[in-house]
Structure formats: C-alpha cells, structure tokens
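Asker:
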Amino acid sequence: MDAETFLNRLSGQRFFRSQMCHVEALPCREAVFGEVGELHPDVRHALAMQGIEQLYSHQAEAIAKVRSGANVVVVTGTASGKTLCYNIPLIEAALRDRLATALLIYPTKALTQDQLRGLQKFGDVLPSGGFVAGTYDGDTPADLRRKLRDTSNFLLTNPDMLHQGILPQHARWNRFFSYLKFVVIDEVHAYRGVFGSHLANVIRRLQRICRHYGASPQFICSSATIGNPKEHAERITGAPMERVGGDGAPRGPKRFVMWNPPVIQPAGSRQDAGGSICGRGDGKQLGHTPASQELRAKSNELPGGLRRSPLGEATHLMAALVQEGIQTIAFTRTRLAAELLYKSVRDVLREQQPRLAEKVRAYRGGYLPEERRKIEKQLAAREILGVASTNALELGIDIGSLDACIIVGYPGTIASLWQQAGRAGRGKDESLVFLVGQNSPIDQYFMSHSGYLFAQSPEHAIVDPDNPHIAIDHVRCAVAELPLKAGEAALFGPFAQIILDLLAEDQLVRKIDEQWYWAMAEYPAAKVNLRNIAGPVYTIQERVGPASLPAGTTSEKVIGTLDEVSALNQLHTHAVYLHGGETYFVEQLDLDKKIAHVERRDLDYYTQSVQVSQIQIEPNDAENSTTPDSRLPDSRLSFLQLGFGDVTVTTSTPMFRKTRFHSRDSLGFEKIDLPPQVLETVALWLSPNDAIAAELRSQNLVMGEALLGIANAMAEMAQMFVMCDAQDIGTVVDARCLGRDALFLYDRYPGGMGYARRCCEQIEPILRAVQAVIKDCGCEDGCPSCVGAAVPAYAMTDLDSSVRDRIPSKQAASVLLDRLLARD
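Position one of the sequence shown corresponds to residue 879 (our numbering), numbered consecutively onward.
Right under this line is the structure:
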C-alpha cells in the first residue's frame, strides 16, 4: 500500500476541504529478539511448526520472570505476541505436571473463544498432545461444563462467569483449584472504574478459595500502554507485580492522519447543515499540505463553530479506501453509529461500484455469535474489504492485519486509540490510520495538539475496590462461599467490618465462634452485576398489539433493559428511544413496576432530558475547604481555592427537548414529572478568590459564565488524565455551598470511583489543557468545540446525557484561565 499516493489522490475528491490538519509518519521498527533459556522440547517443536524460531525480547523477559516465580504484567502494543508470554509457561507447567491447572480471564466472550482457538492450534502440534482446554461461559453446554470441571488444565472464562458460575460452586471445582498454578488476566487495562473495582473483589474471593484448597497461583497480566500498568495490576490482583515492557515485535511504517471535519459554511451556501450522514462539500480545494499551519488557519477562519458530521466524513473516507481495494476497519463509539456508517457506505458504493457494496459489513455486540464468527473469518480471508465496528473488534480477536483504520471520534482513552490503530498494519507493509475529529473540546484539542497523542500516555487506570457500595456485594458473596474468619474481613477493605455488622442487623449473616456464616438459602452472586453498581433495572417492553388499546393491555415483548439513572434520562414518558437503528416512542414509564412501555414509530426527531443539578458539601468538608490545607501542596494556582470531599448531588429533570435528526433544529420542549435523583459521592471544587471576581466584573464579565465554560471543557479534557468516559463524571457550577461561585467536578457513582480525586491531583495540567482548547478554537464567542455545546457531539448516537442548552461566554472563561494560570 502506498499511503502517500492515496492521500494525494484523496485531496482531489469532491468532499475534500483540507481536512488533513496533520499527518504523522510513524517509522517501521525491526524485531528485537531475546534468549529465554532451554524450552521444553515439545514446546520448541510446536513453536517451530507455527513458524516461530525465535522469541521477541519482551516474550523472553516475561517467560524468564514467570519461571522465577514472579507475578508479571506485560505492557506492549497491539499484535506484539503477548499471548505467548503466558501460553508458553502454562503449557510447560502442564507438560511437567499433568494435574497442573490455569485460569485465564478475558473481558469478553468473543476474545475468550478466539484465544481458545489459538491455544488449540498450539496443542494440535504438540507431539504429546499436552493439555485439555476449554471455554466456560454462558454458552457452554452442560455436558462440556462437567468435563471441564473434571479434566481441564486450562479454563478460559470471563469475570462474570467466574463471579456467578464458578466461585459460588467452588466445591465442584476442588480438583481445579487444588492444582491451580497460574491466573492470567488479559487486557487488564480494560478493567477500570466500576468493572475493575468489581473484578478486584472477585479476585479477592478467588484467592480465599485458592488458599482453602492449598493453592497459591502466580498472576500473569497483559496490558495496553497506560500510565500506571504495574500499580493498576497490583490493585486488581492484590499481589506485587513486575513490569515487562520494551516491545520487541516488528512494526511496518504507518501514516497517522488527523482528519478534522470542516466548519459549516453560513446559511445559504452549498454546504450541508452538519448533521447529514453523507453531506458533501464542494468548496474550493486547498491542496494536500497536511502539516501546514496555513490550512488550519484557513479552516478556523470559517464562520461559526459547528463542524460537519464526522460520520459523513468517515463514510466518504471508507468508501474511497474500499474502492482502492484497501481493506479497512472503522471504529465508532456506539452500536447505532456503526450501523449508520455501514448503511451509508453501502449506499455510496451502490451508486459508484455496486459490486463493492456487498464487501462491506457491520460488526457489533448484539449480533448472534455465529454471525460474528463468520464476519471474523471473512475479514481474515479478505473476503470483506470494509467493516464498521464498535470497540468489539478493538481487542486481539484474530481478524488478521488490515490495511487501514478509521477512528470516528476520540475513543475515550489513548490506550484504546492505539489499540484500534494497531488493527491496521500487515507485516512490513505500510498502513494508514485516520482519526476523525468530533465537534467536542477533547477531539479539537487533539486536532490542534497532535503531538500529545504521539508522546507517552499520561492516563492512569483507576479502580476503587474498597468502595463500600461495591465491597458490600462481595462480602456477601464471600461469606456465602466460605465462612469468613475474623482476620479475613480486612481483605475486603476498611469498611468490611462495618458491612458485616450491617448484614448481621438484616439477619443475612451470623457470627458463630469468631466466624461469619451466610444465613440465607440463595446465592447472593446471582444478584450482583459486575458492570455497574447495583440498582433497579428497568425493562423495555414493545407493544405488538393494536395501537388503539392502552399500554399494558396488549401483547408486549421485551427488547432491552436499562439501569435506573439511564432509564430516567432515556425512557421517560414521551421520550424517543433508539434501539437497533429504529425509533421507539415511550408511551409510559411505570416507576413502580420499573417498566417502560414503548411502540415502534417512524420519527424524525430524538429527545434529550434537560437536567438541573444542585450540590451540597458535607459540613465537615465545607469547613475544611476554607483553610489553606485544602489546597494542593504542589499547586501554583495562587488565586484559587481548591477542595475535595464528600458531596450530595440532587438532580431533577423538569423537561426534555425534541431535536430533529440531521438538521438539529429544535422542535421545542415538553415538561415531565420525574422524582429527583440523589447521589452521595465525592467531588473536587475550585473557586476563584474575590480579587479575580472583582477583576472580571470590571470587564463586564460574569464569573458563573466563565466557570460554566471551563466546566464544559473540563468534563471532557479530564479523560486525558483519567481513564474514564465523559459520562463517568459530572460538573456543576453553584454559588450556594461556599458563598461564592464555584465549579464542582464529581464522580457519577455512589461513594466515588477515584476520578475526582485524580483530577484534583492533576488540576493544573487539566486547566492548562482547557486553556489550550479555548485559545486554539477559531470561533469568536464560543462554540461546541471549546466552552460548550448546545448539542453534545454524540447526541445522535448516545442519548444518555443532558442537553447543554446554551453556550457560555468564551471571553469570560479565557480571561479567568489566564489569571488563574498566570505564573507571576
């Protein structure tokens, strides 16, 4: 593939309007090999049969450390051969001791099945046959489950099955646990926030059971490049880890293109309105000078701040690549976006080269397993030239190496960005990656500061296994699995003893002879969802009977479920719910029965809830926040009061907004009556001092407007420093708590997940990133790319958000940041 020739040809396309604001040429890298010592003869033979004569340096280092008895976390790039770092030690252990077992944990079923195929290929060429391996998940037949319990050496599973299907039934697994030598946690960086905190507690329970059966397994973890892989793996496993880096795998040259959709022209021009999926620009072509500052300046001189649809840009890019015979994968952030992109690319190709339209597919969660396996095989065989996917194909599923990758919008973390980009690259051939910017502060920051992406990742994965809202579930599970000795309570964090006392008050546990026993008949694990903090779940039921009858009196079928917070935002009465590319009208939300009655309708608009949040600092924290000690010790923000502590956030939803698809025209508001949501969590708060407030007033600027603009940008820019989604944190500007205007950033989880605390520690670099976003934006008065968005960038494909219904003052935010960050 000649990437430069393709990019030059692309600049002649009708839709091209100098969107390439930067092209980074990533050089090729030669392989670095290492010596591992004497391999088991059967393993060496099996490797040779697969064409592997030497091991890369990181593989050799990892194997040596595992052989020495260390717990290891391997931190290398996509397609670097991390699997061999644990497969070789596991297989050697099984060849030495036929009773030895290993537990391999993967974040998704698809990855589990894919890794089993790789392990079986290894076993098929072992001269002695070697080992018994299998996947244990919800799709495993009952007879195979019994066989795996009784005979398997290697059990491949996911955290959910370990939590609900294996640990509660550990007595049936006594053989497996008695000889357990290794626990592998693949893609450990994917376990963060609530999911990671739950997994850390599942591992605590696993270790208790291993000790009960006399086992003490080693941990082997693999991770993408993040800022704290060793610390994160230690938090998940509760064991000291040794880091293995220094990627020795070869890599072909790669062109990484920062592709920024053009700013929309004024009304009456030939440009589309910005929401059209397949909008086409016929403006003057400025030529192909990717790194030119002139192009960026010309783009920013265009009036307005709303950019053309990134899905529309991705449609034309993908169609152009497929027409060149370049096998391409496009990553989107939501299932609906993947379907829309797939449909749009097929429509474009049908007009130009109908034969190619059949070589494009979509791939996402919700497809049947056999359909997904078929697409994976077609990709590996190059029978498919283009695939629009969610992050379901981000992980190391074997689809071969593709030629090009389109990433539609920053995926949320730099680790995910490079994992997705790593799907492109075939041996020593050149590959091509496009990052298509969304109309949001963080995407526009990367468009202007592309060098940030190519530096070392600053992101830190965060988990909080001691969060009492999470720990209580696993204390219940642990007591039900094995009586909890008095000294074992500390394994589950500092709140474990209090939790046990509360459970005893509810007569769920009993203390007998200094041991806690489960006092109920059912298994508590069945009611614990690892993917979120437990709460009511709402069922979505579609009406399939005559429309003339009232809701609940006709035949209905379940089409999905949502947690309570999301349900109140997306499923309130008269909301429009999007599912499978279809629009559903919510006839009624039954709060008592936790059911949303919906009807499929062909609607041309979507809805968004308008939320109003009030925040209250806990009394002790409010008092402490006024003292100098509440300021960070290393902060140089001398005009800013900074605090951190417990808060209560009360969110009400008085109305919702109707917005037309594509044009984004407002169709008005409708009042709704929903109970307020109360969240007890943690927050950071910052409040400029009186001198700065007076200075802003002297310039006829409003402090609240300035803080609101900063808050809108900060909610997204924080993702660069904390591995979280924008929906994991919330912001409020409030003057009631401290007696003057203050900005609050809080965790959207009961008890907090550690996001606000990490942001507090990094407040100055976060504010400097916000400052850069606002200064670099070419708008005059503020726009969705800097201080706020009337419609979030993901509005068409993710309605789990409140509407930012006005854009605050850019000038006020800019002046405030200049004063706060001044060094004198």
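Backbone N, C-alpha and C define an ideal beta-carbon position, used for all residues, glycine too.
All values reported here derive from a predicted model rather than from experimental measurement.
#1: Residues in the same chain with beta-carbon distance under 7 Å from residue 1573, minus the five sequence neighbours each way, listed in chain order, please.
#2: Taking C-alpha atoms, which residue in 880, 1624, 1195, 1357 lies nearest to residue 1396?
#3: Measuring CB to CB, does residue 921 end up less than 8 Å from residue 1122?
#4: Output the distance between the C-alpha atoms of residue 964 and residue 1474, rounded to the nearest integer angstrom.
#5: From the DSSP output, which residues share a beta bridge with residue 1533?
#6: Given a cut-off of 8 Å on the beta-carbon distance, is the pair residue 1634 and residue 1645 in contact?
#7: List in chain order: all unbroken beta strand (DSSP E) runs of 3+ residues lying wholly within the stretch 937-1016.
#8: Where does residue 1401 fall in DSSP's three states?
#9: Where does the unbroken alpha helix (DSSP H) through residue 1136 begin, and where does it stop?
#10: To the nearest whole angstrom, what separates the beta carbons of residue 1394 and residue 1369, a pair I think is in contact under 8 Å?
#11: Just to confirm, are residue 1240 and residue 1220 a CB contact at a threshold of 8 Å?
#12: Determine the closest residue to residue 917 out of 1030, 926, 910, with distance taken between C-alpha atoms.
#13: Compute the Euclidean distance between the alpha carbons of residue 1202 and residue 958, then round it to the nearest angstrom.
#14: By a C-beta neighbour count over all protein chains shown, 10 Å radius and 16 as the cutoff for buried, is residue 1005 buried or exposed?
#15: Thinking C-alpha only, which one of 1552, 1277, 1131, 1270 is nearest residue 1245?
#16: Could you spell out where the beta strand (DSSP E) holding residue 1393 opens and where it closes?
#17: Measuring alpha carbon to alpha carbon, tell me which residue in 1528, 1649, 1017, 1607 is nearest residue 1494.
#18: Label residue 1029 either buried or exposed according to how many other C-beta atoms from any shown protein chain fall within 10 Å of its C-beta, with 16 as the threshold for buried.
#19: Classify residue 1673 as buried or exposed, calling it buried when 16 or more other Cβ atoms lie within 10 Å of its own Cβ.
#20: Give me whichever residues DSSP pairs with residue 1581 in a beta bridge.
#21: Roughly how many angstroms lie between the CA atoms of residue 1036 and residue 1467, to the nearest whole one?
#22: Quick one: using the 10 Å Cβ neighbour count with 16 as the cut-off for buried, is residue 1490 buried or exposed?
#23: Do residue 1688 and residue 1582 have their C-beta atoms closer together than 8 Å?
#24: Near residue 938, what residues of its chain come up, given a Cβ to Cβ distance below 7 Å and the 5 sequence neighbours on each side ignored?
#25: Helix, strand or coil for residue 1385 per DSSP?
#26: Does the separation of the CB atoms of residue 895 and residue 1341 fall below 8 Å?
#27: Is residue 1323 helix, strand or coil by DSSP?
#28: For the putative contact between residue 1565 and residue 1640, defined by C-beta atoms under 8 Å, what is the C-beta separation to the nearest angstrom?
#29: Apart from the five residues on each side of it in sequence, which residues of its chain come closer than 8 Å, Cβ to Cβ, to residue 1308?
#30: Looking at the structure shown, is residue 1283 part of a helix, part of a strand, or coil, going by DSSP?
#31: Taking the alpha-carbon positions, what's the residue 1447 to residue 1487 distance?
#32: List the DSSP bridge partners of residue 1101.
#33: Just mark residue 1059 as buried or exposed, buried being the case when its beta carbon has 16 or more other beta carbons within 10 Å.
#34: Assign residue 1421 to buried or exposed, taking buried as 16 or more other Cβ atoms, counted over all protein chains shown, within 10 Å of its Cβ.
#35: Would you decide whether residue 1317 is buried or exposed? Buried here means 16 or more other CB atoms lie within 10 Å of its CB.
#36: Just how far apart, CA to CA, sit residue 1685 and residue 1098?
Answerer: Reading it off the structure:
#1: 1697
#2: 1357
#3: no
#4: 46 Å
#5: 1488, 1549
#6: It is not a contact, given that the beta carbons lie outside the stated cut-off.
#7: 950-953, 979-983, 1011-1013
#8: coil
#9: Where residue 1136 is concerned, there is no enclosing alpha helix (DSSP H), although the beta strand (DSSP E) it sits in stretches over 1132-1137.
#10: No, residue 1394 and residue 1369 are not in contact; Cβ-Cβ is about 12 Å, not under 8 Å.
#11: yes
#12: 926
#13: 28 Å
#14: exposed
#15: 1270
#16: 1393-1396
#17: Taking only the C-alpha atoms, the option nearest residue 1494 is 1528.
#18: exposed
#19: A caution first: residue 1673 carries a pLDDT of 42, below 50, which makes its placement in the model too unreliable to give a value.
#20: In the DSSP output, where bridge partners are listed per residue, residue 1581 has none listed.
#21: Residue 1036 and residue 1467: Cα-Cα distance of roughly 34 Å.
#22: The residue in question, residue 1490, is exposed, as its Cβ has fewer than 16 Cβ neighbours within 10 Å.
#23: Going by C-beta atoms, residue 1688 is not nearer than 8 Å to residue 1582.
#24: 912, 913, 914
#25: coil
#26: no
#27: Helix.
#28: That pair is no contact at about 18 Å.
#29: Excluding sequence neighbours, residue 1308 sits near 879, 880, 881, 1130, 1131, 1132, 1133.
#30: strand
#31: Distance between the alpha carbons of residue 1447 and residue 1487 is about 6 Å.
#32: 953
#33: buried
#34: buried
#35: The residue in question, residue 1317, is buried, as its Cβ has 16 or more Cβ neighbours within 10 Å.
#36: 48 Å
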